[in-house]
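In what follows, a structure is listed as structure tokens, so that the remarks can point back to it.
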Amino acid sequence: MKKHTFILGNFLIALLFIGISYAYYHYQPAVQGQRKIGVTYMTMNNSFYSYLNSQIKKVTDEKGDVLLLRDPAMDSSKQAEQVNDFVDQQVDALIINPVNGGDNKRLQAAVRRAKKSGIKVVALDSQITDNLADTTVVSDNYHAGVLLGKHLMGSKSSATIYLLAHENTYSADERLQGFKDTLSGYKAYQIVGQANAQGQTELAMPLTEKALAKNPKINTIMAINDRSAIGALAALENLNLSKNTAVYSVDGSPDIKSLISKKDNNLVTVAQFPTQMANQSITAAYKLLDGKKVEKTITIPVKLVDKDNISHYNLTGWE
């Protein structure tokens, strides 16, 4: 009996040691003074976010810190779980590109919990609802829409327009609003419909085909990003309408710039500058951790890219 008690006692002590060791190494930095930064984008099924993350990781690696990446795959509830996990792991800062602008009660609660735990929060590429972030780093999305609207008016005397949106996402909404406000009051430019492609190629293609089948007069597609624009282009190619339909979008991705370089008169994008966005967001995170003041909103300028100025841009990478 004593032997069994001795063995059981040693077993419990071993379990306790393992538990303490796991808690220490799982939740504490591996190196004294090392910081942990959690980052979650709405999806990694987009090279824009992969590039953003690679630029952020360059900085954290140089500083010897840890960057923890999560992909919610367009699921706001899953993103909420990821934020809660970051809190449990005691990260120092959170960089979040919110799914649907953070318009999810669970995600909002998770971000509030993070802030209550002392975690600094940086929203990247899109605002988060209720202004929960300590700072927000975004492109000038409204101006991107304005630039595209002005280009359309300068190149076509009239247009029948279909929108590929990403509903409930601030950055996408602002792009469309800038575009619509620019065309407002000009009856020759008619927006005849809108679909929620969520910025995804695989959704944009069938939605565009359906829209064109319903209304063959559509001759302009305004897509909120290059991935949905690629879906629209594929649909137009299938329907042999590429030469007759203009496609406008936002991002300045290598794929779209390469297509524009082939002197495609019907394709225009507005370039974002993810290198600047990444640098500004990670710089802001470190400033917040050091107790320094950071602007509530950091806006990165955008530039229109078309066949006339494509030679000024990098065709094989992001700007």
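The sequence shown begins at 2 in this note's numbering and counts up by one. The beta carbon of each residue, even a glycine, is placed where N, CA and C say it ideally should be. All of these numbers come straight from a predicted model, not from anything done at the bench.
When the beta-carbon positions are compared, ASN267 and ALA247 come within less than 8 Å of each other. Taking the CA atoms as reference points, ASP265 sits about 24 Å from THR183. Under the three-state reduction of DSSP, SER77 is assigned to helix. The criterion of a C-beta distance shorter than 8 Å is not satisfied by GLU175 and ASN132. Here SER140 is bridged, per DSSP, to ILE301. Residue nearest to PRO99 within the set GLY65, ALA272 and THR41 is THR41 (criterion: CA-CA distance). For THR130, DSSP assigns no beta-bridge partner whatsoever. Under the three-pair Cβ rule at 8 Å, the segment 197-211 counts as touching the segment 164-174. Within the segment 46-111, the runs of beta strand (DSSP E) at least 3 residues long that lie entirely inside it are, in chain order, 67-71 and 94-97. Rounded to whole angstroms, the gap between the alpha carbons of GLN83 and MET223 is 33 Å.
Between the segment 50-65 and the segment 104-121, the count of C-beta pairs closer than 8 Å stays below three; the two stretches do not touch. Exposed is the label assigned to ASP291, since fewer than 16 other Cβ atoms lie within 10 Å of its Cβ.
The alpha helix (DSSP H) runs lying completely inside the segment 216-271 and spanning 4 residues or more are 227-239 and 255-262, given in chain order. Across the structure, HIS152 and TYR249 are spaced so that their CA atoms are roughly 9 Å apart. The beta carbon of PRO275 sits closer than 8 Å to the beta carbons of PHE49, TYR52, LEU53, GLN56, TRP319 and GLU320 from its chain, once the five residues preceding and following it are set aside; these are given in chain order. Annotation: ILE283 is outside any beta strand (DSSP E); the continuous alpha helix (DSSP H) that includes it extends over 275-290.
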